[in-house]
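The letter at position 32 of the sequence shown is residue 515 when you use this note's numbering, and the numbering goes up by one with no holes. Think of the CB as a built atom: it goes at the ideal place given N, C-alpha and C, for glycine as much as any other residue. Since the model is a prediction, treat every value here as computed from it, not as a measurement.
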Amino acid sequence: MIEIFLSAFVTLFLVIDPPGCAPIYAGLVSEATPRQQRNMAIRATSIASVILLCFALFGEQLLGALHIQLDSFRIAGGIMLFLIALEMVFEKRTQRREERAEKIRATPEIEDVSVFPMAMPMLAGPGAIASIMLLMARAQGTEETLVILGALGAVMLLTLGALIAATPLMRLFGNDVEAVITRLLGVLLAALAIQFVIDGVKGSFL
Numbered sequence: 484m485i486e487i488f489l490s491a492f493v494t495l496f497l498v499i500d501p502p503g504c505a506p507i508y509a510g511l512v513s514e515a516t517p518r519q520q521r522n523m524a525i526r527a528t529s530i531a532s533v534i535l536l537c538f539a540l541f542g543e544q545l546l547g548a549l550h551i552q553l554d555s556f557r558i559a560g561g562i563m564l565f566l567i568a569l570e571m572v573f574e575k576r577t578q579r580r581e582e583r584a585e586k587i588r589a590t591p592e593i594e595d596v597s598v599f600p601m602a603m604p605m606l607a608g609p610g611a612i613a614s615i616m617l618l619m620a621r622a623q624g625t626e627e628t629l630v631i632l633g634a635l636g637a638v639m640l641l642t643l644g645a646l647i648a649a650t651p652l653m654r655l656f657g658n659d660v661e662a663v664i665t666r667l668l669g670v671l672l673a674a675l676a677i678q679f680v681i682d683g684v685k686g687s688f689l
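Have a look at this one:
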């Protein structure tokens with residue numbers, strides 16, 4: 484069970500990327516009070532957690548209703564995660580997030596960033612949704628399902644901590660450290676994505 488937990492935790496951590504979301508969040512809420520920053524961080528992670536939990540519990544039924552085979556979803560999800568990994572390595576993902584954050588900052592009437600863009604698509608984006616569905620599809624029995632959900636909970640708690648501490652952490656470490664961490668996580672995510680594709684191909688053709 485420890486191996487299942489670690490596999491799920493690492494996968495979700497790499498995709499949700501708390502170290503990468505923290506500086507974006509710090510930029511979005513730079514003019515808010517500490518209390519407002521904390522409240523928005525709590526709302527963002529809570530909403531993202533509910534979204535991911537819904538796809539974790541009912542995602543397979545959704546695929547069945549759409550007549551999509553699980554192995555096909557594994558291949559598609561793996562390819563999508565690999566593209567995300569490439570963006571992380573070459574810093575394209577961070578650039579896209581910053582551009583999205585800049586658009587939000589340029590719109591005065593939007594003050595609460597907890598739902599958009601933080602909860603979706605930054606935390607509970609397509610990559611995270613695909614990951615939790617793939618992980619749940621590999622779970623055998625109630626115990627493994629609960630372990631994966633526990634890993635999701637742990638990642639979301641870390642994400643909450645990263646968002647709450649985003650402003651002081653950015654003052655402490657700066658952008659260079661965040662860029663190095665993001666690239667290292669991108670390499671690991673690429674390997675996990677390839678494994679998803681291999682599993683899907685094996686299931687489809689062997």
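Taking one beta carbon from each stretch, the stretch 663 to 671 and the stretch 538 to 547 have fewer than 3 pairs nearer than 8 Å; the two do not touch. Residue 625: member of the alpha helix (DSSP H) spanning 625 to 647, first to last residue. Just measuring C-alpha positions, the residue of 502, 494 and 600 sitting nearest residue 678 is 494.
Look at residue 608 here: in three-state DSSP terms it is coil, with no helix or strand label. Going by DSSP, residue 534 is part of the alpha helix (DSSP H) stretching over 517 to 548. Annotated three-state conformation of residue 622 is coil, per DSSP. Segment contact: the stretch 515 to 531 against the stretch 625 to 644, three or more CB-CB distances shorter than 8 Å; contact assigned.
In this structure, the straight-line span from the alpha carbon of residue 553 to that of residue 676 is close to 15 Å.
C-alpha of residue 686 to C-alpha of residue 491: approximately 20 Å in a straight line. One alpha carbon belongs to residue 610, the other to residue 543, and they sit about 16 Å apart. Per DSSP, residue 493 is one residue of the alpha helix (DSSP H) stretching across 485 to 499.
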